[in-house]
Each structure stands twice: as structure tokens, then as C-alpha cells.
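**Student:** Chains as they are written, first to last, in my numbering: chain A, -6 to 88; chain B, 17 to 229.
We put the beta carbon where it would ideally sit given N, CA and C, even for glycine.
In this text, all values refer to a predicted model and were calculated from it rather than measured experimentally.
Sharing a structure here in C-alpha cells format.
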Amino acid sequence: MKFSVGEAVQTSGRDPVHHYRVPRYLRAKRGRIEAVHAAFPLADARAAGDPAPPVETLYTVAFAGDDVWPGGAEPNTVYHAELWESYLHPLETAP
Amino acid sequence: MSDHTHDHDDHGHDHPHDHGSPAAVMTARVNALIGALETRGVATDADVTTVIERFLAAAGPSNGARIVARAWVDPAYRALLLDDATAAIAALGLDMSHWAPVALRAVENTEQVHNIVVCTLCSCYPIALLGPAPQWYKSEAYRSRVVREPRAVLREFGVVVPDDRDVRVWDSTAELRYLVLPRRPPGTAGWDEDRLAATITRDALVGAAEPIA
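Written out as C-alpha cells, the structure reads:
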């Protein structure tokens, strides 16, 4: 497990051509680990038919509405998504 | 091979067939898949229908309502539901791991917090607990708007969430499914579980309505 609850992270800004579970509006956005779940097979690899997909820890990441839609979010709104570990960077080292 | 869609949670069965629509494309794919299974002797169309009907016969919002009503009357059950919802539904004889290894999470509405569930990438939904998802849940309008302006969307559902009450949006982007534990309606002191369960609608279980006593 790479991240802990409360840790600040940034989502990857990647834009792969294959199946990918980071919604477009969540790319390269800052959030905070809200929960750490079990490890699950990575959906990207499963969708490609990989018979032995990599298994990664899944996290719930919380994003302030204003961090996702600067100036366009409603007040006091927190958005949560479930993201696999390889979708996330520690905030300090995020590219 | 029959031409039914196996998309029972989508729309009425007598809709006009628009062959360019996503539903028509999906119907063609499903029929091709069933045809391939039949050709190879894996399963018949009737087998597929039997499995789906058996599953749906036990899947409906009364399951979710039972879970919530129990949590309202039993503080230990409420604590278990919020801590480990998958274990909590198993305690009521329910299971949602039919086709995928998904985990359930219950999120609680309070005076300070309103929760609302969405699947922006497709239409993930805890079918075993709530039955098939309503059409609005799968619409692009709901999925794209509720993440950005949940209060505006909730107002259209008749749920007014003031600006000083937090809104938490839960997007089922991977292997979790969500159940909203709504607030118990006022004026229901002393009610038994069955009577409480009757106040809980399908939409309340995903945060798009409030229970009404």
C-alpha cells in the first residue's frame, strides 16, 4: 500500500488510448485519500483481455468541488472517485 | 434466437426500435453473443433468460429498505453497516457478489451531510439490493451534471440541500457500490421495521429522495 488515509495526491494527467477509469475531468487534479480498499485487478488490463491483470490497491479519493471545476463548483461539495494506485502520484512528486 | 435485449433495467419492452441507437447496438451485440454461446453448446437463450429472471426475482429496492430500516432501529447494526456494509448485508442474508467481486459501502445522511451516488463512466448500481437502475440514473444528463452541480440536480428531484449542508458525491468508477443511509423521518418514533421500510423509496437509497413518513 503506497498511500494512507489523509494523504494528498494528484491524479495522473495521462490520456491513454485504451480503457481507463480516470474520468477526463479528474485528470491532473489534486485530492486526498479518503479510504484504502482491497487490491483489485486493474480494469485497464482486464478490458484488454490480459489473462493475468496486475492487481493494485484501490483508493477512494476525495476532491473539493473547486479543485475539479475552479470557479464552477457549488459550495461545500466534495466529489469522490475510486482510483487504482497507478492512477495516483504523491502530491510532492506529481508531474 | 429471440430478439429481446436482456437490458431489463433500461426501458419498456415495447419501445420502437431505432437501429442506430445505443440500445439497438447493444441488442445486436447481446444477440450475437447468445448466438455464439448456443452454436458452441455453452448455453441456450432460455438458460440466459432463466439466470437473469432468477436474479431479478430477488433483486429490488425492498432489500435496500430492509437494510436501512434495520439500521434505524438497531444502533449496533447501523455501526456495522457503516463500517463493513458487505458484512452487514450478509447478516440479513443478502449478497451482491453475483457476477463481480464488488464491495458495498454505506454512506450516511446527517444534518450536516447529504450523499448522492452516480456512475459517471457507465451505470454501475447495486442491482441486487435496489433492483434495476432507473433510466434517469443511466442518462448522460444525470451522470455529467450531478458531479458538478449536485444541488441543482437534487432540487429537480425535489430535494433541497442548503449551501451550508455538505454534499458528498460518490462516483462508482471501480469496484465499490454505494447505498445511502437516509435520515429517519420525523414522527416515526416507535415504528417497527416493516413500517419504517415502507417510507424508503428506491431513489432515497441513492440519495435522490428523502424518505417520507
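#1: Whole angstroms is fine: what's the gap from residue 159 (chain B)'s alpha carbon to residue 136 (chain B)'s?
#2: Taking C-beta to C-beta, are residue 71 (chain A) and residue 45 (chain A) nearer than 8 Å?
#3: Compute the Euclidean distance between the alpha carbons of residue 82 (chain A) and residue 2 (chain A), then round it to the nearest angstrom.
#4: Please state the DSSP three-state secondary structure of residue 209 (chain B).
#5: In whole angstroms, what is the alpha-carbon distance linking residue 172 (chain B) and residue 11 (chain A)?
#6: Would you please state the rounded distance, in angstroms, between the beta carbons of residue 49 (chain B) and residue 83 (chain B)? I believe it to be under 8 Å.
#7: At a Cβ threshold of 8 Å, is residue 186 (chain B) touching chain A?
#8: Check the Cβ-Cβ distances between residue 117 (chain B) and every residue of chain A, and say whether any is below 8 Å.
#9: Quick one: list the residues of chain A neighbouring residue 166 (chain B), beta-carbon separation under 7 Å, in chain order.
#10: Between residue 183 (chain B) and chain A, is there a C-beta pair that is closer than 8 Å?
#11: Three or more beta-carbon pairs under 8 Å between the segment 172 to 184 of chain B and the segment 52 to 68 of chain B, yes or no?
#12: Can you confirm whether residue 136 (chain B), when its beta carbon is compared against all beta carbons of chain A, has any partner nearer than 8 Å?
#13: Indicate whether at least one CB of chain A lies closer than 8 Å to the CB of residue 163 (chain B).
#14: In the DSSP assignment, find the alpha helix (DSSP H) that holds residue 158 (chain B) and state where it starts and stops.
**Tutor:** Let's see:
#1: Between the alpha carbons of residue 159 (chain B) and residue 136 (chain B) lies a distance of about 5 Å.
#2: It is not a contact, given that the beta carbons lie outside the stated cut-off.
#3: Straight-line Cα distance between these residues: approximately 6 Å.
#4: Residue 209 (chain B) falls in the helix class under three-state DSSP.
#5: Between the C-alpha atoms of residue 172 (chain B) and residue 11 (chain A) there is a straight-line separation of about 36 Å.
#6: 33 Å between Cβ atoms; not a contact.
#7: Against chain A, the CB of residue 186 (chain B) has a partner CB under 8 Å away; the residue lies at that interface.
#8: Interface residue, yes.
#9: Chain A residues near residue 166 (chain B): 67 and 70.
#10: Residue 183 (chain B) counts as touching chain A.
#11: In this structure the segment 172 to 184 of chain B does not touch the segment 52 to 68 of chain B; the number of beta carbon pairs closer than 8 Å is below three.
#12: Yes, contact with chain A.
#13: Taking 8 Å as the CB threshold, residue 163 (chain B) lines the interface with chain A.
#14: Its alpha helix (DSSP H) spans residues 156 to 161.
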